[in-house]
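First the structure, in the form of structure tokens, and then the observations on it.
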Amino acid sequence: MAGFEAWNKRALVRTAPYLRPYRRHLLAIVTSSIISTSAYVSVPLIVKTVIDGPLREGDRAGVLRWALLVGALALLELVLAFTRRTLLAIVATSLETALRDDLYAQLQRLDVGFHDRWQSGQLLSRAMTDLAIIRRFVAFGAVFFVLISVQILVIFGVLLTLHVPLALLTFVAAVPVVLLCRRFERDYHQVVRRIQDQTGDLTTSIEEGARGIRVLKAFGRWRESHAAYAVRCQEIHDSQLERIRLHTKFVWLLGTVPNLTLTAVLLAGVLAVGSGGLTLGGLVAFVSYVLLLVFPLELLAWIMALAGEAESAAVRVYEVFDTEPAVADGPGAVELSSVRGEVRFEGVGFTYPASERTALAGIDLTVHPGETMAVVGATGCGKTTLVTLLTRLHDPTVGRITLDGHDLRDLTVSSLRSNVGFAFEEPTLFSASVRENLLMGAPDADEDEVRQAIEVSQAGFAYDLPWGLDTRIGEQGLSLSGGQRQRLALARAIIGRPAILVLDDPLSALDVHTEALVQEALRPLLASSTVFLVVHRPSTVAMADRALLLEEGRLVAVGSHHDLLAREPRYRAVLSEAVEDIDEEVAVP
Amino acid sequence: MARGDLVSAPEPDQVHEVDADAPLDLTGDDQVDAWRGVKLHDAEEVSGGLAGLLRSRSRALLSDLVRPHRKAVAASAALIALSILSQLSVPWLIQRGIDDGLPPLLDGGSGSLRPLLTVVAGIGLATVVGAVSFNAFLILLGRVGQDIVLEIRLRLFAHFQQLSTSFHERYTSGRVISRQTSDVEAIADLLGHGLINLLESGLLMVGIGVALLLLDLELALVVIAAFPVLVLMTRWFRSHAERAYRETREAVALVIVHFVESLGGIQAVHAFRREPRNSEIFEHLDRRYRDANVWSQRLGAIYGPGVQGVGRLMTAIVLLYGSHLVLDGDVTIGVLAAFLLYVRRFFAPMEELSQFYNLFQAASAALEKLAGVLDEASTVPEPTSPVPLPHASGGLRFEGVRFAYRDRTVLHHLDLDVAPGETVAIVGATGAGKTTVARLAARFWDPTEGRVLLDGVDLRDLSETDLRRAVITVTQEGFLFSGTVADNIRFGRPSATAEEVERAAAAIGADSFIRMLPDGYDTDVHQKGARLSAGQRQLVSFARAFLADPAVLILDEATSSLDVPSERLVQHALRTLLRERTAVIIAHRLTTVEIADRVIVLDSGRVVEDGPPGDLIGGPGRYAALHEAWVDSLA
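For the record, the sequence lines run as chains Z and Y.
In terms of the working numbering, the first sequence opens at residue 1 and continues consecutively.
In terms of the working numbering, the second sequence opens at residue 1 and continues consecutively.
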């Protein structure tokens, strides 16, 4: 069953489990399709009966009876079609929605490394465009495919009962059509896949045009970026024209073959009527059926195209589903409870995926509970990388990090992260109320804790927003300044007093005055947690108990700020010269 | 009429200003949304009452887009007409075959074959002509459709790029993206799939109507009597489908915005375990999108079969009535057969029309939004007859400048003269108006009153090319575009050689870290510059500005994300860089301020201190206090 295996390997087939809850719906749809088709196909036969019977014999009552039957069938079909399409709408759209929900959940599960590698435009086009294509296929394509297949088979059956040689003639003419369909599907698939990829790239350009608008404006470079965008648009344009040409060629063959068959049928049919092999009504019915075949065959081409599109869409979607998150709960991961806060790095090294340069190497370090460790080093030395390992945004590629003796990878990700407060270099806030943004890391914190955190981070402005802490901020809400966002992000990190606190240059956007206030208020908090403080400025180092110096991903010195200042020239180079520089200037006004 | 008419069209929905009294978006039972906080009602999405006006705006855009393709459209109309004529001649030829070709064969058994052969040849010819013309039609109209999509894409992108930053701030990048993706796709779908069917179906119906009338008037009138019913059904469908589609587009936009925002901040999502809450919101939005989709498809499920049902009933009536006519000897059996074949095809396009009506609705709703955006005039328009300024010396002057943003006066009355080559630092608390000064100087905004002059020329009179060559702003974001590090630096001057790029990086002190990247200058920065730290990104943006070599450099909090060593490097580079040009530095880090020739202290939109930093430090003013606090913090 090689054919079956090939079928089973198709990505589209993998969506089948999503249809399982709708088995009854599907059964009803198929049943109604079969009944509808039978009713539809029987009409020419009724016409034949009328022409050969009542019309010949002048039986007006007979004509009425048959006409009433046609009318009744029409009503039956109306009801069936309505039911069928309603059910289909529910099934197909629910399939799409469930797939999209799962895809989104999967994307959230995937690690930061994955998101670094994948452009968000590509992900968006998978979640929206590709899933809509799959929905369209299920809603129209798949069911029409069943409907049409049944229709074609039934029509051939009826044709055979009418006149065997003519039926065979029609049948032979249809074979090349089906063969061409298969070849077409392959070629079309390729072009469509290319268009989808190009659309993803174009989306990326659009996103950059929107998000990078300030830079584009500042340099007046929109013409250049427009030119680059135009090239991508042109590529899609050309691929689309290729798709159209392919499609046209196919429509042409599909339209011509049945009509030429019809010509032959009419010729042979009239001769058959002349020689008495076929009744006049039989000929009318025959011609009707051949014409009836044209539409399904044309539709077949469309469905094949849709199937090709849907298959490549499904392949792209499952590419995401099949990616394993690099950071996940291991087997037998334990919940982290009652943290003391001792953090040890044991021979830790890290290399970003698909990168040759090691970002961190041979880090050995112990940070004691309640200690504040400043992380110092020049730009690009691995400071941020080092601290992101603590909350498992990445896992070390070499060595291990332990918290109170547990390898971080042996803990459940969620229990680890709920004990690590993190203030990122870039304060990302979400479209939600200020309160929800603050409580993200500690949903159980009470109003008092919220108030305290706001006080410490000098974020009192939040109370003065139009609806206070209930004001929605973020992309779909009120926009805040960089400093305001940074202060809220700091409040978010410290709320609930996590055992481990990671502050990645959290005060960079604050003015000197506010910075001093925040530092003062932070002191008691720093004493109660194990803190990693990524430092860009000498003023912040003062808050730390000890400092470590990174150079090109290696730990070169650890000690107190004053110690290092005194004995470590590289440390001085990173921090102190700036101070001296300024002192000189201040001294010489 | 062309662009001019578009621009002058009334814009009743342009009420974007944030107004605290605006209706709140608090749909009571909506637990998921209520939790997310209160936001201002989105006035941008169009309301139903304005539909008529908007349609006229969309129509103007549409005719503007189609005009260049008039000839191709006319040619494709002729081709499809020819194709349909050929298709429609087939049932008629069959009728001739039955009525004329058959009798001679029946009578003598070996009568003349000629009438039959003529008919058969006719059908063969009709088939070939129909297929060839349809083929040409598909390619021609397909090309027109793709050309139009291309034109819309280019026009939209260019338009968004030309709109002011204040537009972008209120419109948000999410909406800018969804205009250019899902809305353009809705139009592309219509042009790519729907339009062809729409045209074919419409013409086919007309053609069949005419053919029926020619074949037999009485029978034709019976069929045409069904029309009023169809018109009523169509009207009902249209009014509902329109609302359903609006709802669908709005729902999908919300899904996209949430998707992009939450996955863009995936680090924070993971660190704060927001996954379940995000999924909750996403599923809620996705359900709304699903419901809207199901709603519109249900409408099709009523309308489509309804139309089809009417068609089938007509078949029954034609069969009944036609048979009586045959029995009375009024029509031949051939005519009845042809009639039945026609009627069957007469109603099929109606149903198809209903399927594509969805596409049509989606596209016209999208077109409305695009027309609205394209109508949006830039608040900082380029002058029609710009004053040329090929070599700016960099004298910057604010003359009685007042600036109000959202009805709040941010700057009251600013007079400021910056001599060529002078470096001015602007300090002050958050909200004092520092950033406003930077943006006015770069003409991201225009003053409400007064003028901003460069070398004595009002910025509003400079062409964009001259202005952006002369004035460059570096902001604190450090945005990187996808491509290599070198590409990102070369952005400052696209014609720069690799050597010049590296020299710029070296001058800024970015050279050493760039060389350490996996592929050096050819390292792909990925999107959002994921692998470069904020400080590194900022160094790249400095190198970019250095390469651009402007007469006036504006640093809008540009050094705030630099660490000490990088900042020191940049300071050194800045000193040489600033010596040859005018600079306006907005900073809260006094390190940067120290290198200024002059410091301006702003408070609530007014200048409160102005002088060399050395003088101010000695004085009793605010700058002295700020400086003291800062020096203390270093200890």
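Here a beta-carbon is modelled for each residue, glycine too, at the ideal position from N, C-alpha and C.
On the CB-based measure, 16 or more other CB atoms within 10 Å of its CB, does Lys-434 of chain Y come out buried or exposed?
One-based indexing of the second sequence puts residue 434 of chain Y at position 434. By the neighbour-count rule (16 or more Cβ atoms within 10 Å), Lys-434 of chain Y is buried.
C-beta neighbour in chain Z for His-648 of chain Y, strict 8 Å
Any question about residue 648 of chain Y goes unanswered here, given that chain Y covers just 1 to 635.
is_contact[Tyr-229 of chain Z, chain Y] using C-beta, thresh 8 Å
For the purposes of this step, residue 229 of chain Z is taken as the residue at position 229 of the first sequence. So yes, Tyr-229 of chain Z belongs to the interface.
Are Phe-345 of chain Z and Ile-303 of chain Z closer than 8 Å when you measure CB to CB?
Walking along the first sequence from the start, residue 345 of chain Z turns up at place 345. Walking along the first sequence from the start, residue 303 of chain Z turns up at place 303. It is not a contact, given that the beta carbons lie outside the stated cut-off.
Interface residues of chain Z facing Thr-465 of chain Y [CB-CB closer than 9 Å]:
Here the question's residue 465 of chain Y lines up with position 465 in the second sequence. Neighbours of Thr-465 of chain Y on chain Z, chain order: Gly-220, Arg-223.
I'd like to check one pair, Leu-253 of chain Z with Leu-180 of chain Z: are the Cβ atoms closer than 8 Å?
As a working mapping, residue 180 of chain Z is identified with position 180 in the first sequence. As a working mapping, residue 253 of chain Z is identified with position 253 in the first sequence. The answer is yes: Cβ separation under 8 Å.
Between which two residues does the beta strand (DSSP E) containing Thr-409 of chain Y stretch?
As a working note, residue 409 of chain Y is residue 409 in the second sequence. Here the beta strand (DSSP E) through Thr-409 of chain Y covers 408–418.
From this set, Z:Leu-69, Z:Gln-452, Z:Leu-124, Z:Asn-437, which residue's C-alpha is nearest Leu-103 of chain Z's C-alpha?
As a first step, residue 103 of chain Z must be located in the first sequence, where it is residue number 103. That would be Z:Leu-124, whose Cα lies nearest to the Cα of Leu-103 of chain Z.
Using three-state DSSP, classify Ser-338 of chain Z as helix, strand or coil.
In the first sequence, the residue the question calls residue 338 of chain Z occupies position 338. Coil.
Ignore the nearest five residues each way along the sequence and tell me which others in Ser-205 of chain Z's own chain have a CB closer than 6 Å to its CB.
Within the first sequence, the letter at position 205 stands for residue 205 of chain Z. Tyr-229, Arg-232, listed in sequence order.
Cβ of Val-584 of chain Y within 8 Å of Cβ of Ala-432 of chain Y?
Your numbering for residue 584 of chain Y matches position 584 in the second sequence. Your numbering for residue 432 of chain Y matches position 432 in the second sequence. No, the pair does not count as a contact, with Cβ atoms beyond the cut-off.
Compile a chain-ordered list of the residues in the region 216–242 of chain Y whose CB is closer than 9 Å to at least one CB of chain Z.
none
8 Å CB neighbourhood of Asp-30 of chain Y in its chain, flanking five on each side removed:
In the second sequence, the residue the question calls residue 30 of chain Y occupies position 30. Because the pLDDT at Asp-30 of chain Y is just 42, under 50, the model does not fix this residue reliably, and the point stays unresolved.
Give the C-beta separation of Thr-428 of chain Z and Ala-301 of chain Y to the nearest angstrom, bearing in mind that I take them to be a contact with Cβ-Cβ under 8 Å.
The residue labelled residue 428 of chain Z in the question sits at position 428 within the first sequence. The residue labelled residue 301 of chain Y in the question sits at position 301 within the second sequence. 43 Å between Cβ atoms; not a contact.
Would you kindly work out how many angstroms separate the C-alpha atoms of Ala-359 of chain Z and Glu-275 of chain Y, rounded to a whole number?
Residue 359 of chain Z sits at position 359 when you count from the first residue of the first sequence. Residue 275 of chain Y sits at position 275 when you count from the first residue of the second sequence. Roughly 28 Å between the two C-alpha positions.
With DSSP run on the structure shown, which of helix, strand or coil describes Ala-573 of chain Z?
Along the first sequence, one-based indexing puts residue 573 of chain Z at 573. Residue state, collapsed to three classes: helix.
Use the C-beta contact count for Ser-590 of chain Z: other C-beta atoms within 10 angstroms, 16 or more gives buried, fewer gives exposed.
Residue 590 of chain Z falls outside the range modelled here, since chain Z spans only 1 to 589, and no answer is possible.
Quick one: is Phe-346 of chain Y near chain Z, going by C-beta distance under 8 Å?
As a position in the second sequence, residue 346 of chain Y is number 346, starting the count at 1. Cβ-Cβ to chain Z under 8 Å: no for Phe-346 of chain Y.
Local conformation of Glu-224 of chain Z per DSSP, three classes
Here residue 224 of chain Z is taken as the residue at index 224 of the first sequence, counted from 1. Note: Glu-224 of chain Z maps to helix in three-state DSSP.
Are the Cβ atoms of Tyr-521 of chain Y and Val-540 of chain Y separated by less than 8 Å?
On the second sequence, position 521 is the one that residue 521 of chain Y refers to. On the second sequence, position 540 is the one that residue 540 of chain Y refers to. No, they are not a contact pair.
Do Leu-169 of chain Z and Phe-286 of chain Z have their C-beta atoms closer together than 8 Å?
Here the question's residue 169 of chain Z lines up with position 169 in the first sequence. Here the question's residue 286 of chain Z lines up with position 286 in the first sequence. Their beta carbons are not under 8 Å apart, which means Leu-169 of chain Z does not touch Phe-286 of chain Z by this criterion.
Judging by CA-CA distance, which residue of Y:Val-307, Y:Ala-366, Y:Ala-225 is the nearest neighbour of Arg-59 of chain Y?
Within the second sequence, numbered from 1, the residue matching residue 59 of chain Y stands at position 59. When only C-alpha atoms are compared, the closest one is Y:Ala-366.
Determine which residues share a DSSP beta bridge with Arg-84 of chain Z and list them.
For this step, residue 84 of chain Z is matched to residue 84 along the first sequence. Partner(s): none; Arg-84 of chain Z has no beta bridge.
Neighbourhood of Asp-42 of chain Y by C-beta distance below 7 Å, restricted to the same chain and skipping five residues each side:
The residue given as residue 42 of chain Y occupies position 42 in the second sequence. Note on Asp-42 of chain Y: pLDDT 41, under 50, position unreliable in the model; no value is reported.
Please determine, among Z:Val-13, Z:Ala-74, Z:Leu-68, Z:Ile-51, the residue with the shortest C-alpha to C-alpha distance to Ala-39 of chain Z.
Indexing the first sequence from 1 puts residue 39 of chain Z at position 39. Closest option to Ala-39 of chain Z, Cα to Cα, is Z:Ala-74.
Grab the span of the alpha helix (DSSP H) containing Gly-311 of chain Y for me, first residue to last.
Locating residue 311 of chain Y in the second sequence gives position 311, counting from the first residue. Element bounds for Gly-311 of chain Y: 275–327.
Say whether the region 286–295 of chain Z touches the region 50–69 of chain Z, bearing in mind that this needs 3 or more beta-carbon pairs closer than 8 Å, one atom from each stretch.
no
Tell me the start and end of each unbroken alpha helix (DSSP H) in the region 375–404 of chain Z that is at least 4 residues and wholly inside, in chain order.
383–388
Mind pulling the alpha helix (DSSP H) runs of 4 or more residues that sit fully within the region 94–152 of chain Z?
112–117, 120–125, 131–136
Report the three-state DSSP secondary structure of Arg-409 of chain Z (helix, strand or coil).
Here residue 409 of chain Z corresponds to residue number 409 of the first sequence, with the count starting at 1. Here Arg-409 of chain Z sits in helix by DSSP.
Residue burial classification, His-561 of chain Z (beta-carbon count within 10 angstroms, cutoff 16)
To locate residue 561 of chain Z, count along the first sequence from 1; it is residue 561. Under this definition His-561 of chain Z is a buried residue.
Examine chain Z for any beta-carbon lying closer than 8 Å to the beta-carbon of Val-120 of chain Y, and answer yes or no.
The residue given as residue 120 of chain Y occupies position 120 in the second sequence. With 8 Å as the cut-off, Val-120 of chain Y counts as an interface residue toward chain Z.
Just reading off the beta strand (DSSP E) that Leu-396 of chain Y is part of, what are its end residues?
If you number the second sequence from 1, residue 396 of chain Y lands on position 396. From DSSP, the beta strand (DSSP E) with Leu-396 of chain Y extends over 396–405.
I'd like the span of the alpha helix (DSSP H) that includes Glu-551 of chain Z, first residue to last.
For the purposes of this step, residue 551 of chain Z is taken as the residue at position 551 of the first sequence. It is not in any alpha helix (DSSP H) - Glu-551 of chain Z instead sits in the beta strand (DSSP E) that spans 546–551.
For Val-452 of chain Y, which beta-bridge partners are listed by DSSP?
As a first step, residue 452 of chain Y must be located in the second sequence, where it is residue number 452. BP columns for Val-452 of chain Y point to Y:Phe-398.
What are the residues of the region 369–392 of chain Z that lie near chain Y, defined by any Cβ-Cβ distance shorter than 7 Å?
Ala-378, Thr-379, Gly-380, Thr-384, Thr-391
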